[in-house]
Amino acid sequence: MTDTAANASTHEPIVELRGVNKWFDDFHVLRDINLTVGRGEKVVICGPSGSGKSTVIRCINRLEEHQEGDILVDNVELTGDIRRIDAVRRKVGMVFQSFNLFPHLSVMDNLTLGPTLAQGVPQQEAEQRADELLRRVRIPDQARKFPGQLSGGQQQRVAIARALMLRPQVMLFDEPTSALDPEMIHEVLDVMTELAEAGMTMICVTHEMGFARKVADLVVFMDAGEVVEAAPPQQFFEDPASERTRLFLSQILH
Amino acid sequence: MAPICISSAKPTHAPPRPPPQRTDSWSHWLRRNFFQNAGSAVMTALALWALFVTVPRLVRWAFVNAVWYTQDAADCHAAAGACWAIVPEKYRVMLFGTFPYEEHWRGVLVIAIVLGLSALSTIRRLWSYWLCVAWLVATAAVFTLLLGGVFGLRPIGTHEWGGLPLTLVMFVGTVVGGIPAGILLALGRRSKMPAISALCVGFIEIVRGLPLVTVLFMASLMFPLFMPEGVTIDKFLRAQIAMTLFFAAYAAEVVRGGLQAIPRGQYEAADTVGLNYWQKMTRIILPQVMRIVLPSMMNEIIRAFKNTTFVGIIGLFDVLRATSTAIQDPVWVRYSIEAYLFIFILYFVLCFAMSKYSERVERDLAVGR
Numbered sequence: 086m087t088d089t090a091a092n093a094s095t096h097e098p099i100v101e102l103r104g105v106n107k108w109f110d111d112f113h114v115l116r117d118i119n120l121t122v123g124r125g126e127k128v129v130i131c132g133p134s135g136s137g138k139s140t141v142i143r144c145i146n147r148l149e150e151h152q153e154g155d156i157l158v159d160n161v162e163l164t165g166d167i168r169r170i171d172a173v174r175r176k177v178g179m180v181f182q183s184f185n186l187f188p189h190l191s192v193m194d195n196l197t198l199g200p201t202l203a204q205g206v207p208q209q210e211a212e213q214r215a216d217e218l219l220r221r222v223r224i225p226d227q228a229r230k231f232p233g234q235l236s237g238g239q240q241q242r243v244a245i246a247r248a249l250m251l252r253p254q255v256m257l258f259d260e261p262t263s264a265l266d267p268e269m270i271h272e273v274l275d276v277m278t279e280l281a282e283a284g285m286t287m288i289c290v291t292h293e294m295g296f297a298r299k300v301a302d303l304v305v306f307m308d309a310g311e312v313v314e315a316a317p318p319q320q321f322f323e324d325p326a327s328e329r330t331r332l333f334l335s336q337i338l339h
Numbered sequence: 513m514a515p516i517c518i519s520s521a522k523p524t525h526a527p528p529r530p531p532p533q534r535t536d537s538w539s540h541w542l543r544r545n546f547f548q549n550a551g552s553a554v555m556t557a558l559a560l561w562a563l564f565v566t567v568p569r570l571v572r573w574a575f576v577n578a579v580w581y582t583q584d585a586a587d588c589h590a591a592a593g594a595c596w597a598i599v600p601e602k603y604r605v606m607l608f609g610t611f612p613y614e615e616h617w618r619g620v621l622v623i624a625i626v627l628g629l630s631a632l633s634t635i636r637r638l639w640s641y642w643l644c645v646a647w648l649v650a651t652a653a654v655f656t657l658l659l660g661g662v663f664g665l666r667p668i669g670t671h672e673w674g675g676l677p678l679t680l681v682m683f684v685g686t687v688v689g690g691i692p693a694g695i696l697l698a699l700g701r702r703s704k705m706p707a708i709s710a711l712c713v714g715f716i717e718i719v720r721g722l723p724l725v726t727v728l729f730m731a732s733l734m735f736p737l738f739m740p741e742g743v744t745i746d747k748f749l750r751a752q753i754a755m756t757l758f759f760a761a762y763a764a765e766v767v768r769g770g771l772q773a774i775p776r777g778q779y780e781a782a783d784t785v786g787l788n789y790w791q792k793m794t795r796i797i798l799p800q801v802m803r804i805v806l807p808s809m810m811n812e813i814i815r816a817f818k819n820t821t822f823v824g825i826i827g828l829f830d831v832l833r834a835t836s837t838a839i840q841d842p843v844w845v846r847y848s849i850e851a852y853l854f855i856f857i858l859y860f861v862l863c864f865a866m867s868k869y870s871e872r873v874e875r876d877l878a879v880g881r
């Protein structure tokens, strides 16, 4: 249950959000967000829909632009500078709710395109890396298939492998199991759990509270663009401090 | 006592089996399609009557009483049917226009190269790097043959070009130049840089607001007025550029429709795996866009082929203009309908082949999606 990997938490922050504010037109979607994630640590963000939890992690690799405050990833501050954005994106892998695999490319090409084009990794080396990762996400024999021929759970595991191809230091998960049929959720969560046990720094937006309890170092509850509560899972689930958290937990834990 | 539930379901015990055979006899089919009700029966009767009146006359004119070959127009005059003899009599002028008579073999080679390579390009197995090389070689060969001046070939000015070689070169040039230009315009239209976006929107909207005839007139008559003294650009080239830009504006709108159909997640995924703008566009977005827009793009391509007939208006002798010149001959002028029908069949065969080919590509690309 506890993280036993050698390269676990080193008490060195890798992702830092300081006083981050963001608006969609006039709508104040992120209000003064402060969040620090240590290297090797796993943070689960939960909250009702529209609470801004996806927006937070999308700001971390600049899929969304924040208007106020600082975001630092591995000591690189995110600004409008395209080179900094590229530098941050190389350190950060992302898994989406709707997989977003490239439908016109084979699984192998989905994996190798990023490293070969963006980092100049030789094709053969990229394919070796891809084979290794496909074994790790337990779909070693599907490399020649197209995404449309795979089940949802398999597609999401390919997406995880694709995000790992650039050897990121942080993995972002944006509701990775929300688009899956119930019988496929566990195969994706198993892969994520293994990744966590291997010491990867992870920030997950998810409603899978079992996963949060098992894997997270910190659970963050957001509502209406604010961080309402942040606590280790034991405390978060057994003894939440805020009434809003308690109400939310009672709704999703039945 | 709890209320009694009357809902129920029985567990199934049935192995899978083939669907039941459709029992559809031809009399049933006939009734369903042609005599469903009184209205439908009347329409069927009317249609049969119309066919009965027209078809035998058409067959008598086009086949039974037709003159297929003669060198004397008087034979046609004596016959009651179509005079197809005008085609063998005039086909060299119709197909090659103003192209010098003794050099027609060069035009034949050009037609063979363009049509042959186009046919080869439709075979999916041959799609490779070598096909691009073949097209480059073919382009060089086509222009060598048409222009001459090397390898002992007599030089031929573009003002002497005509007929099917001119139509084909104009068409291929329009499409090959117009699709990349259209893609760039569509991307430019969505650019975040206001100057580029405004430029592209302006160009597309202006060109779409003008009839092709006016664009060609501008290229042929007005454009030389703006050029400095002594600088002239070849009339064929001017028409080619005008046709290409006209096609590009329409292609741009087709591509824009496809770009809008690509989910935002595809752009975001490309961003997160570290691709830059051009890598993202050429490897991720545009391949998907081109699949989506294939039917409407093929529509524009077929239209571009038919639009080549407009260059006749500014004095280039494409197939249609060459044909209308060929039938000026007072001896044969009364048989112009037959000549135009021949050209109609030529256009139809080429357009229909393109349309069928696009259908097949669509089917092929649908596999694995």
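In order, the protein sequence lines correspond to chains Y and Z. If you count the first sequence from 1, you need to add 85 to reach the working numbering. If you count the second sequence from 1, you need to add 512 to reach the working numbering. Backbone N, C-alpha and C fix where the C-beta goes; we use that ideal spot for every residue, glycine too.
Check	Outcome
Let's see if you can read the secondary structure: which residues bound the beta strand (DSSP E) around Y/I99?	P98 to F109
Cutting at 8 angstroms between CB atoms, please list the residues of its own chain near Z/L787, excluding the five before and the five after it.	R795 and I796
Quick check on Y/E150: does DSSP put it in helix, strand or coil?	coil
Could you pull the DSSP bridge partners for Y/F112 from this structure?	Y/F109
Could you confirm whether any beta carbon from chain Z is found closer than 7 angstroms to the beta carbon of Y/F187?	yes
Compare the C-beta of Z/G824 against all C-beta atoms of chain Y and say whether one is closer than 7 angstroms.	no
Taking only the alpha-carbon atoms, compute the straight-line gap between Z/G880 and Y/G178 and give it to the nearest angstrom.	Note on Z/G880: pLDDT 47, under 50, position unreliable in the model; the coordinate value appears next. So the two alpha carbons sit approximately 27 angstroms from each other.
Note down the Cα distance separating Y/I288 from Z/P530, rounded to an integer number of angstroms.	51 angstroms
Identify the continuous alpha helix (DSSP H) that holds Z/F860 and give its terminal residues.	S848 to A878
Across the stretch 315–325 of chain Y and the stretch 154–163 of chain Y, are there enough close Cβ pairs to call them in contact, namely three or more that are closer than 8 angstroms?	no
Would you identify the three-state DSSP class for Z/K704, choosing helix, strand or coil?	coil
Residues in its own chain within less than 7 angstroms of Y/P325 by CB, not counting five upstream and five downstream?	E314, R331 and L334
So Z/P807 contacts chain Y; which residues on that side make the cut at Cβ distance below 9 angstroms?	Simply none; closest approach about 17 angstroms.
Using the beta-carbon of each residue, which ones in chain Y are nearer than 7 angstroms to Z/Q791?	L202
Which whole-angstrom value is the C-beta distance of Y/A281 and Y/V300, which I expect to be below 8 angstroms?	5 angstroms
Applying the criterion that 16 or more other CB atoms from any shown protein chain within 10 Å of the CB defines a buried residue, is Y/A93 buried or exposed?	For Y/A93, the pLDDT reaches just 48, beneath the cut-off of 50, and the residue's location in the model is therefore unreliable, although a value from the coordinates is still provided. Result: buried.
Which ranges does the alpha helix (DSSP H) cover as unbroken runs of at least 4 residues, wholly within the stretch 687–750 of chain Z, from first to last along the chain?	706–720, 724–729 and 735–738
What do you reckon, are the CB atoms on Y/S183 and Y/A246 nearer than 7 angstroms?	no
Using three-state DSSP, classify Y/K299 as helix, strand or coil.	helix
Name the residues in the stretch 757–786 of chain Z whose C-beta lies less than 7 angstroms from a C-beta of chain Y; which are they?	G777, Q778, E780, A781, D783, T784, V785 and G786
Thinking C-beta only, is Y/M250 closer than 7 angstroms to Y/L196?	yes
Between Z/H589, Z/Q548, Z/G694 and Z/Q800, which lies nearest to Z/M755 when the distance is taken from Cα to Cα?	Z/G694
Contact between the stretch 160–168 of chain Y and the stretch 132–139 of chain Y is defined here as three or more beta-carbon pairs at a separation below 8 angstroms; is this criterion met?	no
When you compare only the Cα positions, how much space is there between Y/M86 and Z/A764?	Reliability fails at Y/M86, whose pLDDT of 37 lies under 50, so the model's placement of it is uncertain and no value is given.
Determine, for Y/G238, whether the minimum Cβ-Cβ distance to residues of chain Z falls below 7 angstroms.	no
For Z/I716, which of Z/E741, Z/G690 and Z/L542 has the nearest alpha-carbon?	Z/G690
Classify Z/N788 as helix, strand or coil using the three-state DSSP reduction.	coil
Can you tell me which of the three DSSP states Y/M86 falls into?	Model confidence at Y/M86 stands at a pLDDT of 37, short of 50, so the residue's coordinates are unreliable; what they give is reported in the following sentence. Of the three classes helix, strand and coil, the one that applies to Y/M86 here is coil, per DSSP.
Could you pull out every residue in the same chain whose Cβ sits closer than 6 angstroms to the Cβ of Z/T835, ignoring the five residues on either side in sequence?	M606, A851 and I855
Taking Cβ positions only, does Y/L280 come closer than 7 angstroms to chain Z?	no
Where does Z/K522 sit, in a helix, a strand or coil, going by DSSP?	coil
Going straight from the alpha carbon of Y/E323 to that of Z/C517, what length do you get?	40 angstroms
In the DSSP output, what is Y/K127 paired with across the bridge?	Y/M287
Identify each residue in the stretch 685–713 of chain Z for which the Cβ-Cβ distance to at least one residue of chain Y is less than 9 angstroms, and report them in chain order.	none
If you draw a straight line from the alpha carbon of Z/V662 to that of Z/E615, how long is it in whole angstroms?	14 angstroms
On the DSSP bridge list, what partners appear for Z/C595?	Z/V579
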